[in-house]
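Chemist: Heads up, the sequence shown is in our numbering, so the first residue is 951 and it goes up one at a time.
I'd like to ask some things about the structure below.
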Amino acid sequence: MLDWPEISRQIADMLREREAGGRKLLGRASRASGVWAEVRERLGALDMKAELSRTSWPVARPLGDGGEPPERPAQVSVLAADGSQIYPDRHEVASCYLIHIGRVALHYGTGERPLLEGRPHLFFREEDFQPGGRPLSQEAVSILRSVMEREALAEMAGALPPERAMVALVDGPLGIWGVDQVPAWRARLDMAMGRLRELKVPVAGYVSHPGGQEVVGLLKLALCPEEAPDCGSCPRLEGPPCGEVDGVPDRLVFGRALRPKERSAAFRTEGVGFFYLDTGWEVARVEVPIWVAEDPALLAFVHACLLDQVEKGRGYPVALSEAHEQAAVRGRDREQFYRMVEEALVRGGIKAERSRKGVSKRRVGGG
951 MLDWPEISRQ IADMLREREA GGRKLLGRAS RASGVWAEVR ERLGALDMKA
1001 ELSRTSWPVA RPLGDGGEPP ERPAQVSVLA ADGSQIYPDR HEVASCYLIH
1051 IGRVALHYGT GERPLLEGRP HLFFREEDFQ PGGRPLSQEA VSILRSVMER
1101 EALAEMAGAL PPERAMVALV DGPLGIWGVD QVPAWRARLD MAMGRLRELK
1151 VPVAGYVSHP GGQEVVGLLK LALCPEEAPD CGSCPRLEGP PCGEVDGVPD
1201 RLVFGRALRP KERSAAFRTE GVGFFYLDTG WEVARVEVPI WVAEDPALLA
1251 FVHACLLDQV EKGRGYPVAL SEAHEQAAVR GRDREQFYRM VEEALVRGGI
1301 KAERSRKGVS KRRVGGG
C-alpha cells in the first residue's frame, strides 16, 4: 500500500525545489533572449564559428529566415498518422504483439470525405521476434510503430491526385531514435521518406512543449570569447560565460522573440531541419526533412497549414488529434485482445496457459 502522508511530504519538497529552480531558469532565459536579440541578424558569422568549434553540447546550424503567417491554399489535404501498441507479454497466453496505426486524411476545399481509420497489425511469426523466439523490447516495438506511421503517410499520399497540395504530420520528433539498430527498419523508413519526397509532400513532426536546446547551444557559442571554442580544453572551467544560459530550452527564447503566428528562422541538427512556431497557444517545435527546411516556399506552406490545423484543433493540430483517437489502445482493449487470442487458441485445441504472475495480475486488476 502507498504511504500517502509520506508521498505528500515528498511532493512538497519537490515543489519547493521546482520553485527555486524556476526562478533561476527564468533569469537565464532572460539572458538568452538578450543574446538572441544581439545575434539574430548575424547568424551567418555565428555559423562559421560553429564550424570551427568542438562543443560538448548540440548546436543548431542556421538555414534560412523566419516569416510572417502566410495564407493557406484554398485546396489542401492534411495527412496524419499516429500509432499505439500492445507490447509482448511473456506472462500472457501467446507470444505476439499488436501495432495499431491511426490514419487520417482531412481534405479542405475539395468536397471529399475525410479518411478516419485505424489499422491493426498483429505480429506473431518467427521473424517478428528476436533469435530464439525472445520477445522484442518495448523500445523496439515503439521504433517499429514509428516506422509504420511514416509508411502510412507515404501510402496515403500516393493514393491522392499528384497535383494535390498535401502536408503530412506526425506527433513528436520527425527522426526515430534507435532505428539504425535494425537495418531492415532503416530501409523501410528511408523508402517511406523517399516516397514522400518523390511526391513533393512535406512531412513535419509537431513537438508540443519542446525541450530542445540546440539554438541556445548556438547562443552559448556567441557568449564564448574563444574564436574556435573547444570545450575539452576550456580555460574557464570555473564559471564559463556559456553557463549564463545553461539549461534554457529554445522555446523560452522564442516565446519572447516571436509574435503570435510567426515562425523562427530554420535550423538544422542531427540530419533534420526545424523551426519554432508561435501558434498563438504555445511555442511549438516543427521538425522537417532538410530538403523542406531549405525550401522557403515549402516552409511557408507547412507554416500556413499548421497554423490552420492548430486553430481548428483549439491549440493542437486537429489532424493529429484525430489520428491519436483512431490509434488509441486502452486498457480494456488490451484485455479484450488477449481474451480473443485465448478463445481462438481454445477453439483450435491449443492449450492456453499464462504464468502465475499473469493470472495474479488479472485477478487483482494491477499492472
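Every residue gets a Cβ at the ideal spot worked out from N, C-alpha and C, and that includes glycine.
#1: Count the other CB atoms within 10 Å of the CB of residue 977; is the residue buried (16 or more) or exposed (fewer)?
#2: Between 1031, 1136, 1138, which lies nearest to residue 1102 when the distance is taken from Cα to Cα?
#3: Can you look up residue 1096 in the DSSP assignment and give me helix, strand or coil?
#4: Can you give me the start and stop residues for the beta strand (DSSP E) that residue 1116 sits inside?
#5: Between the Cα of residue 1064 and the Cα atoms of 1269, 1086, 1288, which residue gives the shortest distance?
#6: Can you have a look at residue 974 and say buried or exposed, based on whether 16 or more other CB atoms are within 10 angstroms of its CB?
#7: Measuring only the C-alpha atoms, how far is residue 997 from residue 1205?
#8: DSSP has residue 1335 in a bridge; who is on the other side?
#9: Using the three-state DSSP reduction, which class does residue 1288 fall into: helix, strand or coil?
#10: Nearest CA to the CA of residue 1228: which residue from 1196, 1125, 1266?
#11: Compare the Cα-Cα distances from residue 1207 to each of 985, 959, 967, 952 and report the closest residue.
#12: How big is the Cα-Cα spacing for residue 1145 and residue 1248?
#13: Throw me the rounded Cβ distance for the residue 1011 and residue 1284 pair, which I believe falls under 8 Å.
#14: In terms of residues, what are the limits of the alpha helix (DSSP H) holding residue 960?
#15: Once DSSP output is grouped into helix, strand and coil, what is the label at residue 1015?
#16: Determine the direct distance from the alpha carbon of residue 1090 to that of residue 1300, and round the result to whole angstroms.
#17: Along the chain, where does the beta strand (DSSP E) containing residue 1073 start, and where does it finish?
#18: Output needed for residue 1198: all residues of its chain with C-beta closer than 6 Å, excluding positions within five of it in sequence on either side, in chain order.
#19: For residue 1158, list the residues DSSP reports as bridge partners.
#20: Using the Cα positions of residue 1282 and residue 1018, report the straight-line distance between them to the nearest angstrom.
#21: Quick check on this structure: which residue in 1002, 1272, 1078, 1264 has the alpha carbon closest to the alpha carbon of residue 1181?
#22: Label residue 1135 either buried or exposed according to how many other C-beta atoms from any shown protein chain fall within 10 Å of its C-beta, with 16 as the threshold for buried.
#23: Checking 9 Å against the spacing of the C-beta atoms, do residue 1029 and residue 1117 come in under that value?
#24: Output the boundary residues of the alpha helix (DSSP H) element that contains residue 1259.
Modeler: Let me spell this out:
#1: exposed
#2: 1031
#3: When DSSP states are grouped into helix, strand and coil, residue 1096 belongs to the helix group.
#4: That run of the beta strand (DSSP E) goes 1116-1121.
#5: 1269
#6: exposed
#7: 23 Å
#8: With the chain covering 951 to 1317 only, the question about residue 1335 has no answer from this structure.
#9: helix
#10: 1266
#11: Among 985, 959, 967, 952, the Cα nearest to that of residue 1207 belongs to 985.
#12: 17 Å
#13: Actually they do not touch by this definition, with Cβ atoms about 43 Å apart.
#14: 954-989
#15: coil
#16: 29 Å
#17: 1065-1073
#18: 978, 979, 982, 1166
#19: BP columns for residue 1158 are empty, so no partner.
#20: Distance between the alpha carbons of residue 1282 and residue 1018: 46 Å.
#21: 1002
#22: buried
#23: yes
#24: It spans 1246-1262 - the alpha helix (DSSP H) in which residue 1259 sits, taken as one unbroken run.
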